[in-house]
Amino acid sequence: MEEEELIDFAEIDAMRREADRHLQELAGARLPEWSEHSALAGHMTPCPFLGTEIPWGELFYPCCGDDIGHALQVFGPYVSRCRFADVFKPAGHRPKFRSHTSGKGLPHIGTVICGEEASKDLEGYPLPVTSHRKDGLLTFLQDLGPLAVFYYRGDSAGEGGSDQRWLMPVLLDVILSRLLEGGLICTDGANGDDLLVHSPRGTVLDYRGRKLTCIATDLPGGDGRGPLKIWRLTGA
Ligand SMILES: C[S@@+](CC[C@H](N)C(=O)[O-])C[C@H]1O[C@@H](n2cnc3c(N)ncnc32)[C@H](O)[C@@H]1O
């Protein structure tokens, strides 16, 4: 199924600039610019359960808590590294009370928390696995290698959630500007808007001249969790 969606990229660019200004002021970090073409991976890897190839690169899961098992099990064999980030409850680190850390709400991004920075390689896995005690967005901007899979679920803007708006226009644009050609977004739609959450399998969005295709809507979430959708980014 082909579906044309009207996305106002001029408005996204304006929101991006505003978000970028605030982020720079708060954390000295910048959002990446949109680039005309996706970066190419050194090579592609067959991913048989999806019936497609994915670029050789890292999986990143921000605001993950201790929910690292499913991502590792499903994508671990096909990525160069799994990288997880959580400020309060990062896998393999001691948890920290929320009241000891304060965040700041930034326009179009949500809450960003500065001042926490520790990372650890977790042992006992057949691939490199890194767990960051760090803000999800700052990890994305400062620590990430080439991005093959962006994995995100179970989060919210409510109590206990991060309020980072990963699937809303500005951060989605930021993810797509770093995703390798053929890379995936795997999500239950947490914190997302209608476009990514409700589109059926086969939907193709024209995203700034690239194609964002919904290739699955029913990846079992494991651990009693809901199904996950998978979007794949390719050239036009
Ligand atoms: C609702 S929980 C979801 C955890 C996980 N995604 C799941 O589905 O089980 C939200 C998580 O985001 C973490 N968090 C809150 N603010 C964050 C931030 N700015 N950066 C990274 N993680 C954050 C919390 O510690 C918490 O573990």
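Numbered continuously in this note's numbering, the sequence shown closes out at residue 268. Don't be surprised by glycine CBs; every beta carbon is placed ideally from N, CA and C.
Limits of the alpha helix (DSSP H) - the one that residue 270 falls within: No answer is possible for residue 270: it lies beyond the span of the chain, which begins at 33 and ends at 268.
Over what stretch of residues does the beta strand (DSSP E) that includes residue 172 continue unbroken?
As a working mapping, residue 172 is identified with position 140 in the sequence shown. That residue, residue 172, is in no beta strand (DSSP E); its alpha helix (DSSP H) goes 168-174.
Q. Can you name, in chain order, every residue of its own chain whose Cβ lies under 6 Å from the Cβ of residue 225, other than the five neighbours on each side?
A. By 1-based counting over the sequence shown, the position of residue 225 is 193. Closer than 6 Å at the Cβ level, and outside the excluded window around residue 225, lie 200.
Out of 168, 161, 154, 202, point me to the one whose CA is closest to residue 112's CA. Stepping through the sequence shown from its first residue, residue 112 is reached at position 80. Selected option, being the one with the closest Cα: 161.
TODO: Give the straight-line distance between the Cα atoms of residue 151 and residue 182, rounded to the nearest whole angstrom.
DONE: Along the sequence shown, one-based indexing puts residue 151 at 119. Along the sequence shown, one-based indexing puts residue 182 at 150. Approximately 19 Å between the Cα atoms of the pair.
Checklist entry - I think residue 163 touches residue 124, with their Cβ atoms under 8 Å apart; what is that distance to the nearest whole Å? => result Numbered from 1 along the sequence shown, position 131 holds the residue referred to as residue 163. Numbered from 1 along the sequence shown, position 92 holds the residue referred to as residue 124. With 8 Å as the limit, residue 163 and residue 124 qualify as a contact, their Cβ atoms being about 5 Å apart.
Coil, strand or helix - residue 226 by DSSP: Position 194 of the sequence shown, counted from the start, is the residue given in the question as residue 226. Reduced to three states, the DSSP call for residue 226 is helix.
Margin query: Within a Cβ cutoff of 8 Å, which residues of the same chain sit near residue 101, ignoring the five residues on either side of it in sequence?
Written below: Translated into positions along the sequence shown, residue 101 becomes position 69. Cβ neighbours of residue 101 beyond the five flanking positions: 254, 255.
If you count every other CB in all the chains shown that lies within 10 Å of the CB of residue 138, and 16 or more means buried, which is it?
Reading the sequence shown from its first residue, position 106 is the one you call residue 138. Classification of residue 138: buried, given that the 10 Å Cβ count is 16 or more.
Note to self: Could you tell me the alpha carbon to alpha carbon distance between residue 44 and residue 127, rounded to whole angstroms?
What the structure shows: Position 12 of the sequence shown holds residue 44. Position 95 of the sequence shown holds residue 127. Each residue's alpha carbon lies about 36 Å from the other.
- Task: Have a look at 235, 242, 266, 169 and flag the residue whose alpha-carbon is nearest the alpha-carbon of residue 63.
- Result: Here the question's residue 63 lines up with position 31 in the sequence shown. Residue 169 is the option with its Cα nearest to residue 63.
Excluding the 5 residues preceding and the 5 following residue 68 in the sequence, name in chain order all residues of the same chain whose CB lies nearer than 8 Å to its CB.
For the purposes of this step, residue 68 is identified with residue 36 of the sequence shown, where counting begins at 1. Within the same chain, residue 68 has close Cβ partners 241.
Q. Are the beta-carbon atoms belonging to residue 202 and residue 48 less than 7 Å from one another?
A. For the purposes of this step, residue 202 is taken as residue 170 along the sequence shown, with counting starting at 1. For the purposes of this step, residue 48 is taken as residue 16 along the sequence shown, with counting starting at 1. Contact: yes.
*asked:* So for residue 262, helix, strand or coil by DSSP?
replied: Reading the sequence shown from its first residue, position 230 is the one you call residue 262. It is a strand residue.
Backbone secondary structure at residue 73 - three-state DSSP: Here residue 73 is taken as the residue at index 41 of the sequence shown, counted from 1. DSSP places residue 73 in coil when its eight states are reduced to three.
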